[in-house]
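Protein chains: 2
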Amino acid sequence: MILCDIGNSTVDIYENGVPCKVVLSEFRPKSLNGDVWYVSVNHSLSERLESLQNWHNCATLIDWDKYYPTMGIDRIMVCEAIDDGVVVDAGSAITVDVMKEGVYRGGFISLGIRSAQEAYARLSPALSMSFNFEVDLTIMAKNTPDALTVGFLAPLVHKIESLGKPIYLTGGDAQILARYFSDAIVDEVLVFKGMQKLINKGTQC
Amino acid sequence: MILCDIGNSTVDIYENGVPCKVVLSEFRPKSLNGDVWYVSVNHSLSERLESLQNWHNCATLIDWDKYYPTMGIDRIMVCEAIDDGVVVDAGSAITVDVMKEGVYRGGFISLGIRSAQEAYARLSPALSMSFNFEVDLTIMAKNTPDALTVGFLAPLVHKIESLGKPIYLTGGDAQILARYFSDAIVDEVLVFKGMQKLINKGTQC
Chain A
10 MILCDIGNST VDIYENGVPC KVVLSEFRPK SLNGDVWYVS VNHSLSERLE
60 SLQNWHNCAT LIDWDKYYPT MGIDRIMVCE AIDDGVVVDA GSAITVDVMK
110 EGVYRGGFIS LGIRSAQEAY ARLSPALSMS FNFEVDLTIM AKNTPDALTV
160 GFLAPLVHKI ESLGKPIYLT GGDAQILARY FSDAIVDEVL VFKGMQKLIN
210 KGTQC
Chain B
10 MILCDIGNST VDIYENGVPC KVVLSEFRPK SLNGDVWYVS VNHSLSERLE
60 SLQNWHNCAT LIDWDKYYPT MGIDRIMVCE AIDDGVVVDA GSAITVDVMK
110 EGVYRGGFIS LGIRSAQEAY ARLSPALSMS FNFEVDLTIM AKNTPDALTV
160 GFLAPLVHKI ESLGKPIYLT GGDAQILARY FSDAIVDEVL VFKGMQKLIN
210 KGTQC
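If you want it as structure tokens, here you go:
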């Protein structure tokens, strides 16, 4: 079985435990043989996939009563991957979600690291600078790059830590965030683990 | 004595305990008689003011060893206003600074409420919505507006509360933030109080 996570610019494919990324414009759905389960935020591609018999949409397996209607499907998948804990998916946005005994307890959406830096830069040329990821987030800052880094990351890290354990980090910026959590679990294929778990449940029914 | 806080688009004037705001394009420095003390982030206007004998720059009174060279002058003034506590100046950015026994202990810079909302909207049309200020920040969200509001405000409020008391709120969005702090002091003229304190100290020397 092949798993696919389809975004608006890339497609992440997971086959036999190996992830790979394909640029959307070079992605040929018909080139994949055998059963493919997918999640997609790309509606036009999703419509085309409906006509392919070996492509199956994981959205059909979700128990939507557990979540909320406008919740991103990738977010639901990373939640499905765990029964207890906090999932932090650090991409263009940073989503933070809490699961307790397999039940979704809610979450929140922060800006992603890059979008936060861009938003600071838009406020003033004096705030247009890269974050200093070496900074100690527990100390108040005394220069501008540290003040921005602490300003964005310290409240977020502090809040996430207050939500309980274990903390799972996934998404493109997971490794950056990992340095601020002493015992978080970095799992870059959490979305696929959630999909696989949901497929196993769904096909067992 | 008149106090002036000169920004890039408006000038805040404080005379006999009464604040008023003037659009920069309509501001005529020569129309103010008597001693005027000012802070300014507007460099071209500052240069013009140097030629006016009754205009005095508060920047000359600052003990810069206490702060850091790129720190905004408004931020220094609100710090000068207090000896102990946390000052939150909620404007286009939200600056958070800690004072202990008159000594500056550092701080951080978050995005302002409006700039955060704009940054979310830039990420996706699905995230282009107003914050829900009625939300309970202690609860994880189960809809998109609440997820954004909690995502931006809950970490910030949580972090500020961890820094100690008293908490002083100033700036254009002080009233919005006040609802999330049970015992914060809202003081919309804190910048002028800091200027006045600094002037008193400077002229006593």
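If you're matching them up, the sequences are chains A and B in order.
Residue 214, in this note's numbering, is where the first sequence stops; the numbers in between run on with no holes.
Residue 214, in this note's numbering, is where the second sequence stops; the numbers in between run on with no holes.
Glycine included, each C-beta is placed from N, C-alpha and C at the ideal position.
These numbers come from a predicted model, not from an experiment.
Under the three-state DSSP convention, the category residue i falls into
i      : result
L120/A : strand
V50/B  : coil
N66/B  : strand
G94/A  : strand
V200/A : helix
T104/B : strand
M80/A  : coil
I145/B : It should be pointed out that residue 145/B corresponds to Asp in this sequence rather than to Ile. Three-state DSSP puts D145/B in coil, outside helix and strand.
I169/A : helix
D74/B  : helix
S139/B : coil
S215/B : A question about residue 215/B goes unanswered here, because the residues of chain B that appear run from 10 up to 214.
E56/A  : helix
L207/B : helix
F161/B : helix
L61/B  : coil
Rounded separation between residue i and residue j - CA only
i      : j      : result
R84/B  : L136/B : 31 Å
V97/B  : S171/B : 13 Å
R114/A : E24/A  : 31 Å
E197/B : M108/B : 18 Å
I169/B : K210/B : 29 Å
E59/B  : L41/B  : 15 Å
W46/A  : R57/A  : 14 Å
S124/A : T153/A : 18 Å
I148/A : I118/B : 13 Å
F36/A  : K174/A : 38 Å
K202/A : G26/A  : 10 Å
N141/A : T158/A : 6 Å
P28/A  : V144/B : 39 Å
M204/A : D72/A  : 13 Å
P134/A : S191/B : 35 Å
T212/B : Q184/A : 53 Å
Nearest candidate by alpha-carbon position, reference residue i, set the options
i      : options                        : result
Q126/B : G111/B, A156/B, I148/B         : A156/B
I15/A  : R57/A, V50/A, R123/A           : V50/A
I122/B : S133/B, S101/B, L132/B         : S101/B
G43/A  : S34/A, W64/A, R57/A, V32/A     : W64/A
K30/A  : D93/A, D21/A, V87/A            : D21/A
G180/A : V45/A, I103/A, W46/A           : I103/A
V200/A : I91/A, V112/A, A128/A          : I91/A
I194/B : L207/B, I176/B, I185/B, K202/B : I176/B
S139/A : S119/A, I148/A, G160/A         : G160/A
I207/A : G116/A, V87/A, S119/A          : Note that residue 207/A is Leu in the sequence shown here, rather than Ile. The option with the nearest alpha carbon to L207/A is V87/A.
S55/A  : C13/A, T158/A, Y77/A, G94/A    : C13/A
L132/B : P134/A, P78/A, S133/A, A128/A  : A128/A
V77/B  : V144/A, L70/A, A150/A, P78/A   : Note that residue 77/B is Tyr in the sequence shown, not Val. Among V144/A, L70/A, A150/A, P78/A, the Cα nearest to that of Y77/B is on A150/A.
A130/B : L120/A, A130/A, P134/A         : L120/A
H52/A  : K39/A, Q62/A, N66/A            : N66/A
Sequence-distant residues of the same chain with beta carbon closer than 8 Å to residue i, five excluded per side
i      : result
Y189/B : L146, L162, V166
V112/B : K75
K39/A  : L61
Own chain partners of residue i with C-beta closer than 6 Å, once the 5 adjacent residues on each side are dropped
i      : result
S18/A  : L33
D74/A  : none
M10/A  : D44
T182/B : As written in the sequence, residue 182/B is Asp, which differs from the Thr given in the question. A99, I122, listed in sequence order.
D106/B : C88, V96, G116
L186/A : A99, L178
L70/B  : L207, G211
Cβ-based neighbour list, residue i, same chain, cut-off 7 Å, excluding 5 preceding and 5 following
i      : result
I82/A  : V48, V50, A68
M80/B  : none
E110/B : D92, D93
P164/A : none
Residues that DSSP places opposite residue i in a beta bridge
i      : result
D14/B  : D21/B, V48/B
V112/A : K109/A
K30/B  : D21/B
V195/B : L178/B
A130/A : Beta-bridge pairing links A130/A to no other residue.
A99/A  : I103/A
A150/A : G116/B
Cβ-heavy atom distance, residue i to the ligand COA, below 6 Å
i     : result
N42/A : Of the ligands one can find in the structure shown there are none, so the ligand COA has no counterpart to examine.
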